[in-house]
Amino acid sequence: MANRHVLLTLLSPSPAPCAATVRSVFRRFQTTSARQRVPEDPNLIASQTAPKSYPPPSLRSQPRPKESRASHRTSQPTREKAYPDKLPSKRLDVPAVPLTDSQCAPNLPYFVTRTPSNELPVYQYHKSGGNKKLTRIRKIDGNLEALRNEVQEYLQLKKEDCVINPLTQQVIVKGHVKPQLESFLQARKF
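The sequence shown runs 1 to 190 under UniProt numbering.
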């Protein structure tokens, strides 16, 4: 009985489409002559119908020069003027003095490069709406684990509070400890 009801609903005629749908379908099949022509630009028409001899010779512009006049520099070097305050400096023969051990950076398995503004690349940032405070050391070359271990000992942190991001080559420390990290790096002559 249920199968018979489904079959009858499939065989029943569908309702007629609304008038707007029928009009839009029939508009597609109308001829193009019924469409309105878009007026063309009069300047475009004039340029297409102009004779080949236009413009007359009196209106034609002169050809551009082939030589560039952008720079009037000469091929000869300009003469040097000797000003009294600009005397050539005399080379001093001073023997190279090696730096003392206090001025030399220690030989460490890692190196922290300074930023272009000559600052240490130590940054503080927040996560989780400001609840999670982190400090990041960037621009590290060499052994990241050695730096992480020394920072961990210096700040007396747990192993999970000082981690390495191997993808970005950074050491991330839990908490805002930027002044301590900067003094740590400055003590190592970075």
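Glycine is no exception: its CB is placed at the ideal position from the N, C-alpha and C atoms.
Computed from a prediction, not measured in an experiment: that's the story for all the values here.
* Asked: Of the choices Gln103, Lys174, Pro166, whose alpha-carbon is the least far from that of Asp141?
  -> Pro166
* Asked: So, Val163 versus Phe184, is the Cβ gap smaller than 8 Å?
  -> no
* What residue range is occupied by the uninterrupted beta strand (DSSP E) comprising Val112? -> 110-112
* First and last residue of the alpha helix (DSSP H) that includes Lys178? -> 178-187
* Tell me which same chain residues have a C-beta within less than 7 Å of the C-beta of Ile172, skipping the five on either side of it? -> Leu134, Arg136, Val163, Asn165
* Count the other C-beta atoms from every protein chain shown that fall within 10 angstroms of the C-beta of Val97, then say buried if there are 16 or more, exposed otherwise. => exposed
* To do: Pull up the distance between the alpha-carbon of Thr21 and that of Pro56, whole angstroms please.
  => 58 Å
* Asked: Rounded to a whole number of angstroms, what is the C-alpha to C-alpha distance between Phe26 and Pro42?
  -> 34 Å
* Asked: Helix, strand or coil for Arg136 per DSSP?
  -> strand
* Between Leu181 and Arg91, what straight-line distance do the alpha-carbon atoms span, to the nearest angstrom? -> If you take the alpha carbons of Leu181 and Arg91, they lie about 42 Å apart.
* **Whole-angstrom distance between Ala19 and Pro39, CA atom to CA atom** => Each residue's alpha carbon lies about 32 Å from the other.
* Asked: What do you get for Leu44, buried or exposed, if any count of 16 or more other CB atoms within 10 angstroms of its CB means buried?
  -> exposed
* Residue from Pro15, Ser128, Lys189, Pro13 with nearest C-alpha to Cys104 -> Lys189
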